[in-house]
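Okay, so here's the structure we're looking at.
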Amino acid sequence: MLYDYSEKFFAIASASEQDVEKRHMEFVNKHGKVISDLYQHLKQAAVIPPVVEEEVRPSVIPVLDQPSTRKIENEYSSKQRLPPSPSEIKSTAMPSNVPPAKEILPDQSAILPAANSSAGPPAVVPRLMTPVILFQLRNARQSQPFDEKFIVSPVEPEVHLVAVDIPANLGLRWEPGTLRVQGVPMVSGEHPIDLKYHVSKDKSAPIQRARVTLFVNPDPKLLWENKPSDRTLPHWKVDELCEARQVTSKYIVAARKRGRSHAHVGSCCDDDFFIETLVHDDDEQHIAIVADGAGSASEARLGSKLAVEAAGAELKALLTGAEDRTRNIQQAVQTQSAEQLTNVLRFLLGRAAHAAMVALNNEARKRPEPAKALKALSTTLLIGLSCKVGAQWLCAAYWIGDGAAGVLLPDGKVKLLGEPDSGEYSGQTRFLDSSAVTPDELHGRIRHCLVEDYKAFILMTDGVSDPKFETEALLAHGEAWQALWAELEDQVQLAQRDADVAKRLLAWLDFWSPGNHDDRTIALIY
């Protein structure tokens, strides 16, 4: 029905001038209310843009008693007009008794009529608002010192913190009068921090509130569990061990510690060591042996233990036996016979390595499948010997597998006493077997150096060498050995040579190195 009336409405608007007045009066008298309904219909259909008014007045269509030359004027004609007719139709101004509408945009500004104008564009009067401030705080790391400032955006205006509420157990504190937060966060996870602030130096300015979420990354060291090994396991050994020997000119100390990868699951340590000192009048001999049982071998912890004990016992027996092998060493040094010295060392260290192999074979023969049992006892082996010969020192080593053995000299250079055995894959190495103690193998695996003195003779398993020497090439660089020695001197306080030096060395083995969590063993002669 509204559609039909709209047709009639537009028909009037397009009529000839002489018929306008007559049809106008007929239409208004008959359909005044319908026009009002039509207006609402067009408004809802978005033909007429909405107007927000402070006061809404009803639309009024005047009913005239006599013909008039006034044309129909819609109350929204200043915004949008009906299509004009082909003939001239002049619109009249809105009655003076109808005030112009005011359009107000919520929470932004008020739109008022322009001064001295009833038809001009509205003027915008801005409303003052409190600026929106965003606070941020950089991520922290658990157990690591934290000293950061709140990041405020936008930078202007200047923000003044009134109060900062930090969780009490977090370990952080706010420095009043600043944007700085300091401390050592002790709890990982997400932590809410509530702020009170104002954006004016005037203390009476309104207080605003904000919340910052601080994320504390967990300390990776704390993610590792330390479960004790099962004492009922076959061939169980203590999880960590340290020993020291004090002699007149040199000091020998060794320690081994179960790696985090083993401690996390409660398995046993696969490393082992042996140290001993021998004194004959003015002569000194120091023995240091380290071994790393193969991680893939089911009885690796037994294999490393048998190897170091057998090699150490054999070498000690040879140096203190009736044949007095130390005299052979002295003669070779005094005559400067390199061949004789090589033969003596090959005999001593070769016999020690062979004794270790025999011990493994004997244990394997006790099992139903000796060959399989021997593989289950797989281990690396590094045998070190240091002898005082007159005014000089002789250092020698037998080396099978990974790890490292080197002599650090006073000038910072290093004498590397062998090379690590590496396989086709990362972490792959060679283990002690019968072929590793043949004459040809002994010739290549036994090395020595004769020096006036040395800072340290160091032997270590790969649990230490891998994190301290990231590549095999670094083993030949004195700088890497100097850095290791400086760390040991500082943290272990080696110069004190007291009863607790071995315990401090054991504690040092707990150093953190991402990705390196194997068993660790080290022996020092210094």
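Just so you know, we're using the UniProt record's numbering here: the sequence shown kicks off at 1 and counts up by one. Note that the Cβ used here is the ideal one computed from N, Cα and C, for glycine as well. As the structure is a computational prediction, the values presented were derived from the model and not from experiment.
- Annotation: K375 to T438 spans about 19 Å, alpha carbon to alpha carbon.
- Straight across, the Cα-Cα distance linking A364 with I522 is about 28 Å.
- One Cα belongs to K201, the other to Q208, and the distance between them is close to 13 Å.
- By the criterion of a C-beta distance shorter than 8 Å, S261 is surrounded in its chain by H517 and D518, once the five residues flanking it on both sides are discounted.
- Beta-bridge partners assigned by DSSP to P192: T213.
- Taken through DSSP and simplified to helix, strand or coil, R141 comes out as strand.
- Non-local C-beta neighbours of D165 in its own chain, meaning closer than 7 Å and more than five positions away in sequence, comprise I193 and D194, ordered along the chain.
- Taking A356 as reference, the option from K305, A317, T342 and A338 with the minimal CA-CA separation is K305.
- Here F146 has A140, L172, V181, Q182, G183, V184 and P185 as same chain residues with Cβ atoms under 8 Å from its own Cβ, once five neighbours each way along the sequence are excluded.
- For a cut-off of 8 Å, the C-beta gap from A307 to L417 is around 18 Å, too long to register as a contact.
- Annotation: the continuous alpha helix (DSSP H) that includes I329 extends over R325 to Q334.
- For R301, the uninterrupted alpha helix (DSSP H) segment begins and ends at A300 to T320.
- If you look at H286, you'll find it in the beta strand (DSSP E) that goes D283 to D292.
- With respect to the 9 Å criterion, E276 and K227 are not classified as neighbours on the basis of their beta carbons.
- DSSP places R245 in the strand class (E or B) of the three-state scheme.
- In this structure, G312 lies near F274, with their beta-carbon atoms less than 9 Å apart.
- CA-CA distance, Q142 to A338, rounds to 57 Å.
- Distance from the Cα of E452 is smallest, within the candidate group S422, S434 and D411, for D411.
- C269 has its alpha-carbon roughly 40 Å from the corresponding atom of A391.
- For G406, the uninterrupted beta strand (DSSP E) segment begins and ends at A404 to L408.
- Counting other Cβ atoms within 10 Å of its Cβ, W512 stays below 16 and is therefore classed as exposed.
- Counted as a single uninterrupted DSSP element, the stretch harbouring M186 is not any alpha helix (DSSP H), since DSSP gives it neither H nor E.
- With a threshold of 16 other beta carbon atoms within 10 Å, S386 meets it and is buried.
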